[in-house]
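Going line by line, the protein sequences match chains Z and E.
So the number in my numbering is just where the residue sits in the first sequence, counting from 1, plus 596.
The letter at position 68 of the second sequence is residue 67 when you use my numbering, and the numbering goes up by one with no holes.
A virtual CB, placed ideally from N, CA and C, is assigned to each residue, including glycine.
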Amino acid sequence: MITALLVPLLMPLAAPVLVRLVEYRQRPAAAMWALTATACVLAVGWLAELGGLLLTGMLTVSALARLGHLIHPLNVAPAAVAYPASALAVGALFICACAVVRAALRQLRQYRTAHAQLRDAPFAGDLRVLDHPEPDAYALPGNPGRIVVTSGMLRTLDGPEREALLAHERTHLAGRHHYFLAVGDLATRCHPAMRGLRDAIALAVERVADESAATAVGDRTLTARAIGRAALARRVDSSTRPDFAAGAAGGPVPQRVKALLQPAATSRRTAVAAAGLLLACSAVTGGGAAVGLVSLHHHVEIAQGEGHDD
Amino acid sequence: MAEHAAERRAAGELEASVLAALWAADGPQTAGQVQGSLAVELARTTVTTALTRLHEKGAVGRERSGRGFAYFPVRDAHGLTAQRMHHELDKDHDRPTALARFVSDLDPEDERILRDLLGNGDGK
């Protein structure tokens, strides 16, 4: 049963396939929730599983087993398997911790820089204008959140397009989309195969705001044009925007424009099937981790002399 | 209560659109010009109200234009002060005298700063 621990180990590898199957079969809002939740379950399952492997290896060493009040060392796998697996788990956990802490620190730093930059910026309502020729726009979370648009971006767009842009950014703020991006970013740092999942979350978040902006201005073509113009004008490398701050020019723009101009008729059945697939994946991961850890706990109890001897 | 909050939010969104329009424009804009560049159809008085509020908050500057005002965005608080000083000087028919009187009334600290600024511009 302890082999169930291997399920969460392999599950993140399926993430790219999941993304491709789910991305366009769901409504944007449903996809945003489902993908973020899946990323969390996969990350937690993967970390729990690494912890389990680490514990197994440690308790197979007799000295450490005695520390854990074990009568005899844990005997769930031969030492030749348990030790290397445990060593790999230590390495992977260390790399994960480094990646997640670094990403979290970077988010914090970007948040502070972005707010410091706004201190003297002219404002009106929820809008802050950065006097900068480089076109850029994003929703900066805070209390209250702000829409940040550079003067360069405002000059790029005409009146109705500016309205679509503002509506887009307002949706990001109202929907607290930065949480999805931040959580998605941290969760997917745990495993390289989950990088695609992070991009998919970013795309879903942008599509939610696109749809909402299209409804607000009552014109899908206009919204698509505004996004296209904003994205074409923006030079990615010079942006001052924090990674978790959603912006109108974020995500794969051609897909977003296409989704606006030719809304795919998402049939209810495929949407439910896609949601079911994600749910099943999460259930298998969570179940695998749970069964594996319970089984490990059982073995430890036996080694501690509790319950029946084997 | 909720109605009040909604009203305030709508006013804030209108001011945001108006400020965005001013930043997008090439030069100072009258209320009529701003009205024309907004996406939504609004009464001119509504636009004027928004512009006046923005002016009171210091987000935009304005200058006389015909019978009304033309508005322009202000980069920052210091920029607004400088804009106002320029504007006042421009209005005076005897600019050299006005400037001389202004400088003669400066307190010693301001005078020192002004000397430093002029000295730097002259010396290099």
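Do you know how far the Cα of residue j is from the Cα of residue i?
i, j, result
"residue 827(Z)", "residue 21(E)", "22 Å"
"residue 829(Z)", "residue 727(Z)", "16 Å"
"residue 608(Z)", "residue 38(E)", "46 Å"
"residue 615(Z)", "residue 714(Z)", "36 Å"
"residue 870(Z)", "residue 630(Z)", "10 Å"
"residue 865(Z)", "residue 659(Z)", "56 Å"
"residue 55(E)", "residue 720(Z)", "11 Å"
"residue 906(Z)", "residue 851(Z)", "Residue placement at residue 906(Z) is flagged as unreliable, the pLDDT there being 45, under the threshold of 50; a coordinate-derived value is accordingly withheld."
"residue 789(Z)", "residue 887(Z)", "24 Å"
"residue 775(Z)", "residue 856(Z)", "24 Å"
"residue 668(Z)", "residue 694(Z)", "34 Å"
"residue 716(Z)", "residue 707(Z)", "16 Å"
"residue 756(Z)", "residue 40(E)", "11 Å"
"residue 699(Z)", "residue 762(Z)", "28 Å"
"residue 627(Z)", "residue 748(Z)", "33 Å"
"residue 88(E)", "residue 19(E)", "28 Å"
"residue 613(Z)", "residue 672(Z)", "33 Å"
"residue 622(Z)", "residue 603(Z)", "26 Å"
"residue 884(Z)", "residue 709(Z)", "42 Å"
"residue 742(Z)", "residue 769(Z)", "8 Å"
"residue 863(Z)", "residue 873(Z)", "16 Å"
Determine the burial state of residue i: buried for a count of at least 16 other Cβ atoms within 10 Å of its Cβ, exposed for fewer.
i, result
"residue 806(Z)", "buried"
"residue 868(Z)", "exposed"
"residue 30(E)", "buried"
"residue 895(Z)", "buried"
"residue 690(Z)", "exposed"
"residue 113(E)", "exposed"
"residue 662(Z)", "exposed"
"residue 72(E)", "buried"
"residue 736(Z)", "buried"
"residue 3(E)", "exposed"
"residue 35(E)", "exposed"
"residue 759(Z)", "buried"
"residue 122(E)", "A caution first: residue 122(E) carries a pLDDT of 44, below 50, which makes its placement in the model unreliable, though a value can still be read off. With fewer than 16 other Cβ atoms within 10 Å, it is exposed."
"residue 156(E)", "There is simply no residue 156(E) to check, as chain E begins at 0 and stops at 123 in what is shown."
"residue 796(Z)", "buried"
"residue 44(E)", "exposed"
"residue 682(Z)", "buried"
"residue 687(Z)", "exposed"
"residue 103(E)", "exposed"
"residue 892(Z)", "buried"
"residue 96(E)", "exposed"
By alpha-carbon positions, which one of the options ends up nearest to residue i?
i, options, result
"residue 751(Z)", "825(Z), 799(Z), 880(Z), 664(Z)", "825(Z)"
"residue 703(Z)", "610(Z), 891(Z), 839(Z)", "839(Z)"
"residue 782(Z)", "640(Z), 620(Z), 618(Z)", "640(Z)"
"residue 778(Z)", "759(Z), 766(Z), 801(Z)", "801(Z)"
"residue 675(Z)", "650(Z), 696(Z), 756(Z)", "650(Z)"
"residue 620(Z)", "764(Z), 808(Z), 804(Z)", "804(Z)"
"residue 647(Z)", "889(Z), 899(Z), 900(Z)", "889(Z)"
"residue 58(E)", "765(Z), 670(Z), 780(Z), 723(Z)", "723(Z)"
"residue 773(Z)", "842(Z), 813(Z), 618(Z), 725(Z)", "842(Z)"
"residue 50(E)", "109(E), 16(E), 93(E)", "16(E)"
"residue 849(Z)", "819(Z), 874(Z), 875(Z)", "819(Z)"
"residue 9(E)", "102(E), 46(E), 25(E)", "46(E)"
"residue 605(Z)", "882(Z), 893(Z), 901(Z)", "882(Z)"
Going by DSSP, name the residue or residues bridged to residue i.
i, result
"residue 744(Z)", "724(Z), 734(Z)"
"residue 70(E)", "28(E), 61(E)"
"residue 776(Z)", "Looking at the DSSP assignment, residue 776(Z) forms no beta bridge with any residue, so it has no partner."
"residue 719(Z)", "724(Z)"
Report yes or no: is there a C-beta of chain B within less than 8 Å of the C-beta of residue i?
i, result
"residue 785(Z)", "Included in the structure are the protein chains Z and E, with no chain B among them."
Scan the stretch 692-716 of chain Z for residues whose Cβ lies nearer than 8 Å to a Cβ of chain E and list them as they occur along the chain.
716
Residues, ordered as in the chain, of the stretch 720-743 of chain Z that lie near chain E by beta-carbon distance below 8 Å
720, 721, 722, 723, 725, 727, 743
For the stretch 757-782 of chain Z, which residues have a beta carbon sitting closer than 7 Å to at least one beta carbon of chain E?
758, 759, 762
Quick one, which residues of the stretch 13-46 of chain E are near chain Z if we go by CB-CB under 8 Å, in chain order?
13, 14, 15, 16, 17, 18, 19, 20, 22, 23, 36, 37, 38, 39
In the stretch 790-823 of chain Z, which residues sit with their C-beta less than 8 Å from some C-beta in chain E, listed in chain order?
813
Output, in sequence order along the chain, the residues in the stretch 880-901 of chain Z whose CB is closer than 7 Å to any CB in chain E.
none
Interface positions of the stretch 54-74 of chain E facing chain Z (Cβ-Cβ less than 7 Å), listed along the chain:
58, 72, 73, 74
Please list the residues of the stretch 605-635 of chain Z that have a C-beta atom closer than 9 Å to any C-beta atom in chain E, keeping them in chain order.
none
Between the stretch 96-119 of chain E and chain Z, which residues of the former have CB atoms less than 9 Å from a CB of the latter, in chain order?
none
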